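Peer 1: Protein chains in written order, with this note's numbering: chain H, 43 to 327; chain G, 1045 to 1208.
Below you will find the structure I want to go over with you.
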């Protein structure tokens, strides 16, 4: 499939194609215009991704199938124990939610509706090593949307940036493009959390020097900007440094999430999703 | 205008491209991630040096967009980088193909370094860059792969084969 008739590659053709590429790059910034292109491209590329993922998936399920019965029994017992603990904790949740709603009603403010979570499987495909992303085996068919929060068992690990028909790309919080608005659980101090590459802590920006913050403070998503829902644990402060030459404090946050160690992640489906902005964009710098 | 040999190569060249794409997204253990050779540009260079009409610029551009989709980079980054490097290769293919072992290896290394430079430039432009030295490792490992492939190039390029 050629744009130009057969013939030698000329500088003109090069220029045309380069300009086309730059145009695409400019469109790519605006998710609403690029949505269709991303979907079309993902439809063509997802067979390759699923094909590369298939052997790894089979080897995983095969190794599960040949596990010794002893191992499976002990795993089973452990799962039952954890499930019981979680169910016990959950019993309190209903009461607390009700009380929360009643308190909000007293102050005449709108209570936050709780969110659903949906599990999604990671595809075993690599992306570039200098960007922290991974690919999910769920896409628009499963109602995944751009900007959706991705969690693992311990906390927030990222957000969805590109949605195809049956795959999506997730940007991890440790990637340098990621920016998550957070607030301190202790005193409501707000800031923006950016990533600095894998295996390094996240950095909290825009914290004034006068702010009261100490090592061990918990940070949760603040929900500012209407893109990231509020209340999900992100990390804990690991280092606070105050340099006279800087305008703001330098704060490092150790994320809760164990990035890329699991195969399953959770996607948050806010109950108030329909009311959310239709033109959702991922929160990036 | 395609010669008979090039028509016969159709299945081979497209399947080699597909294989290169698969190798590009194959998950590797963390320690080896940075050492992955630039399979797709390597494949293009391999074919274009002997048969510069093997791939049209549009095909190269489309493969670049496909790479961008798979790797999650901004659409157009790999497309433009591939275009520039393949264009240069097409223009100098005769010189490179007739070079001796070391010179050819270095030329390929330089071309792939240029490829990485362009990608790096885009990353810096969009303030997403990772300033680690091992960003440039793929060009080196690609050279290693090339030295293995060079034998076949010599074989394809000798005039008595009727290619040129």
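Every residue gets a Cβ at the ideal spot worked out from N, C-alpha and C, and that includes glycine.
Please read these numbers as outputs of a predicted model, since none were measured by experiment.
Would you mind working out which of 249(H), 291(H), 192(H) and 300(H) sits nearest residue 271(H), comparing C-alpha positions?
Peer 2: Nearest C-alpha to residue 271(H): 192(H).
Peer 1: State the DSSP-derived secondary structure class of residue 207(H), mapped to helix, strand or coil.
Peer 2: Three-state DSSP puts residue 207(H) in coil, outside helix and strand.
Peer 1: Flag residue 1041(G) as yes if its beta-carbon sits less than 8 Å from any beta-carbon of chain H, otherwise no.
Peer 2: With chain G running from 1045 to 1208 in the structure shown, residue 1041(G) is simply not present.
Peer 1: Nearest by alpha-carbon distance to residue 223(H): which of 210(H), 212(H) and 237(H) is it?
Peer 2: Looking at the Cα atoms, 237(H) is the closest of the given residues.
Peer 1: How many angstroms separate the CA atom of residue 1112(G) from the CA atom of residue 119(H)?
Peer 2: Approximately 45 Å, taken between the alpha carbons.
Peer 1: Under a three-way DSSP split, which group does residue 254(H) fall into?
Peer 2: Here residue 254(H) sits in coil by DSSP.
Peer 1: Below 8 Å on the Cβ atoms is my contact criterion, and I expect residue 159(H) with residue 306(H) to pass it. Report the Cβ-Cβ distance as a whole number of Å.
Peer 2: Contact doesn't hold; Cβ gap of about 11 Å is too wide.
Peer 1: Just the chain H side, please: which residues come within less than 8 Å of residue 1057(G) by C-beta, in chain order?
Peer 2: Simply none; closest approach about 14 Å.
Peer 1: Between which two residues does the beta strand (DSSP E) containing residue 309(H) stretch?
Peer 2: Segment 306 to 311, the beta strand (DSSP E) holding residue 309(H).
Peer 1: Do residue 1194(G) and residue 1159(G) have their CB atoms nearer than 8 Å?
Peer 2: In this structure, residue 1159(G) does not lie closer than 8 Å to residue 1194(G) by Cβ.
Peer 1: Let me know if residue 1080(G) comes out buried or exposed under the rule of 16 or more other beta-carbons within 10 Å of its beta-carbon.
Peer 2: So residue 1080(G) ends up on the buried side.
Peer 1: Output the distance between the C-alpha atoms of residue 80(H) and residue 287(H), rounded to the nearest integer angstrom.
Peer 2: Roughly 44 Å separates the two Cα atoms.
Peer 1: Residues of chain G with a CB under 8 Å from the CB of residue 99(H): which are they?
Peer 2: Simply none; closest approach about 12 Å.
Peer 1: Note the first and the last residue of the continuous beta strand (DSSP E) segment covering residue 176(H).
Peer 2: Residues 175 to 178.
Peer 1: Below 9 Å between beta carbons is the criterion; list the residues of the segment 1104 to 1119 of chain G that meet it against any residue of chain H, in chain order.
Peer 2: Residues passing the 9 Å Cβ filter: 1104, 1105, 1106, 1108, 1109, 1110, 1112, 1113, 1114, 1115, 1116, 1117, 1118 and 1119.
Peer 1: Counting beta carbon pairs with one atom in the segment 1095 to 1102 of chain G and one in the segment 1154 to 1170 of chain G, are three or more of them shorter than 8 Å?
Peer 2: No, they do not touch.
Peer 1: Let's see if you can read the secondary structure: which residues bound the beta strand (DSSP E) around residue 261(H)?
Peer 2: Note, residue 261(H): beta strand (DSSP E), 260 to 263.
Peer 1: Check whether the segment 49 to 67 of chain H and the segment 1110 to 1127 of chain G are in contact - that is, three or more C-beta pairs closer than 8 Å.
Peer 2: Judged by Cβ distances under 8 Å, the segment 49 to 67 of chain H makes contact with the segment 1110 to 1127 of chain G, as three or more pairs qualify.
Peer 1: List the endpoints of the continuous beta strand (DSSP E) containing residue 77(H).
Peer 2: Residue 77(H) -> not in any beta strand (DSSP E); alpha helix (DSSP H) instead, spanning 73 to 107.
Peer 1: Can you find the residues in the same chain that come closer than 8 Å, C-beta to C-beta, to residue 317(H), ignoring five residues on each side of it along the sequence?
Peer 2: Bear in mind that a pLDDT of 45 at residue 317(H), under 50, signals an unreliable position, so the number given afterwards is only what the model happens to contain. No residues qualify anywhere along the chain.
Peer 1: Below 8 Å on C-beta distance, what does residue 1179(G) contact in chain H?
Peer 2: Residues of chain H passing the Cβ test: 172.
Peer 1: Could you tell me the distance, in whole angstroms, from the CA atom of residue 226(H) to the CA atom of residue 202(H)?
Peer 2: The alpha-carbon atoms of residue 226(H) and residue 202(H) are separated by roughly 24 Å.
Peer 1: When you compare only the Cα positions, how much space is there between residue 86(H) and residue 257(H)?
Peer 2: Going from the Cα of residue 86(H) to the Cα of residue 257(H) covers about 48 Å.
Peer 1: According to DSSP, simplified to helix, strand and coil, what is residue 220(H)?
Peer 2: It is a strand residue.
Peer 1: Using beta carbons (cut-off 8 Å, strictly below), is residue 1063(G) in contact with chain H?
Peer 2: No, no contact with chain H.
Peer 1: Any Cβ of chain H within less than 8 Å of the Cβ of residue 1093(G)?
Peer 2: No, no contact with chain H.
Peer 1: 8 Å is my cut-off, CB to CB: does residue 1192(G) come that close to chain H?
Peer 2: Not closer than 8 Å to any Cβ of chain H, the Cβ of residue 1192(G) fails to qualify, so no.
Peer 1: Would you mind sorting residue 83(H) into buried or exposed? The rule is 16 or more other CB atoms within 10 Å of its CB.
Peer 2: So residue 83(H) ends up on the buried side.
Peer 1: Helix, strand or coil for residue 233(H), going by three-state DSSP, please let me know.
Peer 2: Strand at residue 233(H).
Peer 1: Which same chain residues end up closer than 7 Å to residue 1093(G) when comparing Cβ atoms and leaving out the 5 residues on each side of it in sequence?
Peer 2: Within the same chain, residue 1093(G) has close Cβ partners 1133, 1137, 1140, 1141 and 1197.
Peer 1: Could you say which of 300(H), 281(H), 299(H) and 175(H) lies nearest to residue 291(H) if we only look at CA atoms?
Peer 2: The shortest C-alpha separation from residue 291(H) is found at 281(H).
Peer 1: Buried or exposed: where does residue 142(H) fall if 16 or more other Cβ atoms within 10 Å of its Cβ makes it buried?
Peer 2: Exposed, because fewer than 16 other Cβ atoms sit within 10 Å of the Cβ of residue 142(H).
Peer 1: Quick one: which chain G residues come within Cβ less than 9 Å of residue 91(H)?
Peer 2: In chain order: 1069 and 1114.
Peer 1: Who are the near neighbours of residue 162(H) in its chain, counting only those whose CB is closer than 6 Å to its CB and skipping five residues on each side?
Peer 2: 178, 180, 307 and 309.
Peer 1: Note down, in chain order, each residue of its chain lying with its Cβ closer than 8 Å to the Cβ of residue 76(H), except the 5 sequence neighbours on either side.
Peer 2: Once the five neighbours on either side are set aside, the close Cβ partners of residue 76(H) are 69 and 70.
Peer 1: So, for residue 1121(G): in the same chain, excluding its five sequence neighbours on each side, which residues have a beta-carbon less than 7 Å away from its beta-carbon?
Peer 2: Correct list, in chain order: 1112, 1163 and 1166.
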